[in-house]
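Comments concern the structure below.
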Amino acid sequence: MSFCSDVKNELISIRPGQCCKPSYIYGFMLFGRSFSIKKISLQTGNQNVAREYADIIKHTYKAQVDITVGGSVRPTYKAEVKSEGDRLKILALIDFGISETVIDRTLFVRECCLPSFIRGAFLACGNINNPEKEYRAEFSVKNEELADDFNSLLLSLGIIMKKTKRGKATILYTKDSGMIEDLLTIMGDTVRTLDMMDTKIMKSVKNNINRARNCDNANISKTVEASIKQRRAIEFFEKTDRLYSLPQELLEVAVLRRDNPEATLKELCKISPTPISLSGMNHRLKRIMEIYEKESH
C-alpha cells in the first residue's frame, strides 16, 4: 500500500462532527469529477475513497450511488449518482451553492469545519508522495477558478502552494516538507506527520554524518537514533505550541538540538551560549524526552 493510500485511509477513519459534516461532504463533492445538476461523480484509484464517497451520499441524502471499475493496468473506481431524480434531491437538500468555480464559505460556521472541507477535497483530488523518495503534495483541481479560490483558502491557513497545469486540470502543489506536515496536521493525520518528521530527521542526520571522517558505523547509528528521538520530541513541542513553555534551560538546549541535528553532545556543549558540562547537557536532553513522553501519550 502506498503512502498516499495510507494517508487517505487514515483521513477516512476520521468521522466529522455534526457541524463539520456538511463541509466534509461539500469538499468531497465539489472537488470530485463532476458536481452539477447534469452529473455528480468521483473518479479515484482508491477503492476505499470511492466507497466513502458513495456511503456518505447514500446515508446523508438517501440517494443511489453506483460504483464501476475500469482501467486495464491500474484499477480506476468511478462513483456516480446516475439518477437525475437523486441529483435533484441532493441539490435541493444541500444548504450550499452549486457553483463549480467558487467555494461557499458560509458552511464554515466553526473553526473545525474548514479542516473537514479540506479533508474532503484531498480525498477527492489530492495526492502525496512517499517522503522517503520525494516531498510533494498536490490537489488536481478540475478548473482554474476553483483552484484559485481554494488556493486563497489554503493560504489563509498558512499553506503556500504553487500552481501549474496538467492537461485540463490545474495543479496546486508544494514540495516544502514543512508545508506538507502542516497540511497533514490540519487534515487530522498526525500519524503521517510524525512519520514525515522521522524521515526528514533521518535524511538530515545521515547526510551530515556521512560527510564526517573517521566515524565508525556504531557511533553513527547511536548518534542518528538519539538525534531522531530528540528532534521528534522538539518537533512535537513546536507543532503543539509548547516549545516556549519549556523551562529556559531546557528551551535553550532544545533549540540547540533542533538547529544542530548532527552534533554530538560534546559539540553541543561547545556551541552552547551558556557554559554547560557534558553531563549537564545529557541531563537536560533526558528531561526534555521525559516531558515529551508524558505529554505525547
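Numbering (the numbering used here), first residue to last: 166 to 462. Cβ atoms here follow ideal geometry from the backbone N, Cα and C, with glycine treated the same way.
Starting from ASP231 and walking both ways along the beta strand (DSSP E), at which residues does that stretch end?
On the sequence shown, residue 231 is found 66 positions in, with the first residue counted as 1. ASP231 -> beta strand (DSSP E) spans 231-235.
Please state if the CB of TYR189 and the CB of SER281 are separated by a distance shorter than 8 Å.
Along the sequence shown, one-based indexing puts residue 281 at 116. Along the sequence shown, one-based indexing puts residue 189 at 24. In contact: SER281 and TYR189 (Cβ atoms closer than 8 Å).
Find out if the Cβ-Cβ distance for the pair VAL246, VAL234 is shorter than 8 Å.
Position 81 of the sequence shown, counted from the start, is the residue given in the question as residue 246. Position 69 of the sequence shown, counted from the start, is the residue given in the question as residue 234. Not in contact: VAL246 and VAL234 (Cβ atoms no closer than 8 Å).
Integer-rounded CB distance, given that ILE255 should sit under 8 Å from ILE205
Residue 205 sits at position 40 when you count from the first residue of the sequence shown. Residue 255 sits at position 90 when you count from the first residue of the sequence shown. Rounded, the Cβ-Cβ distance is 7 Å, consistent with contact.
Looking at C-beta atoms only, is the number of pairs between the segment 271-281 and the segment 181-199 that lie closer than 8 Å three or more?
yes
Per-residue DSSP class, three states only, for THR355:
Start at 1 with the first residue of the sequence shown, and residue 355 comes out as number 190. Here THR355 sits in helix by DSSP.
Range covered by the beta strand (DSSP E) that runs through LYS329
Working through the sequence shown from its first residue, we reach residue 329 at position 164. Residue identity check: residue 329 is Thr in the sequence provided, not Lys. 327-331 is the span of the beta strand (DSSP E), which, as asked, contains THR329.
Is the beta carbon of MET446 less than 8 Å from the beta carbon of LEU430?
Counting from one through the sequence shown, the residue named residue 446 turns up at place 281. Counting from one through the sequence shown, the residue named residue 430 turns up at place 265. Yes. Within cutoff.
Compare the beta carbon distance of LYS328 and ALA302 with 8 Å and say whether it is the shorter of the two.
Locating residue 328 in the sequence shown gives position 163, counting from the first residue. Locating residue 302 in the sequence shown gives position 137, counting from the first residue. Against a cut-off of 8 Å, the Cβ pair of ALA302 and LYS328 comes out as no contact.
Kindly indicate which three-state DSSP category VAL267 falls into: helix, strand or coil?
The residue given as residue 267 occupies position 102 in the sequence shown. In this structure, VAL267 counts as coil in the three-state DSSP scheme.
Minimum length 4: unbroken alpha helix (DSSP H) runs contained in the segment 191-244:
212-226
Contained alpha helix (DSSP H) runs [length at least 4] in the segment 247-320, N- to C-terminal order:
249-258, 278-290
By a C-beta neighbour count over all protein chains shown, 10 Å radius and 16 as the cutoff for buried, is THR516 buried or exposed?
Residue 516 is absent from the model: the chain starts at 166 and stops at 462.
So, GLY323 versus PHE193, is the Cβ gap smaller than 8 Å?
For the purposes of this step, residue 323 is taken as the residue at position 158 of the sequence shown. For the purposes of this step, residue 193 is taken as the residue at position 28 of the sequence shown. No.
In chain order, what residues of the same chain have a beta carbon less than 7 Å from the beta carbon of ARG252, not counting five sequence neighbours either side?
For the purposes of this step, residue 252 is taken as residue 87 along the sequence shown, with counting starting at 1. Counting only Cβ-Cβ distances below 7 Å, and skipping sequence neighbours, we find ILE202, ILE205, VAL246.
May I ask which residues mark the beginning and end of the beta strand (DSSP E) holding LEU337?
In the sequence shown, residue 337 corresponds to position 172, counting from 1. Taken as a continuous stretch (DSSP letters only), the beta strand (DSSP E) holding LEU337 covers 334-339.
Can you tell me whether GLN212 is buried or exposed, with buried defined as 16 or more other CB within 10 angstroms of its CB?
As a position in the sequence shown, residue 212 is number 47, starting the count at 1. Exposed, because fewer than 16 other Cβ atoms sit within 10 Å of the Cβ of GLN212.
Assigned exposure category for ALA244 - 16 Cβ within 10 Å defines buried:
Your numbering for residue 244 matches position 79 in the sequence shown. Classification of ALA244: buried, given that the 10 Å Cβ count is 16 or more.
Using a threshold of 8 Å, state whether the C-beta atoms of LEU272 and TYR191 are closer than that.
Within the sequence shown, residue 272 is the residue found at index 107, counting from 1. Within the sequence shown, residue 191 is the residue found at index 26, counting from 1. Yes. Within cutoff.
From the DSSP output, in three-state form, read off GLU427 for me.
Residue numbering aside, residue 427 sits at position 262 when the sequence shown is read from its first letter. The answer is coil: DSSP assigns GLU427 none of H, G, I, E or B.
Let me know if LEU320 comes out buried or exposed under the rule of 16 or more other beta-carbons within 10 Å of its beta-carbon.
For the purposes of this step, residue 320 is taken as the residue at position 155 of the sequence shown. LEU320 should be labelled exposed.
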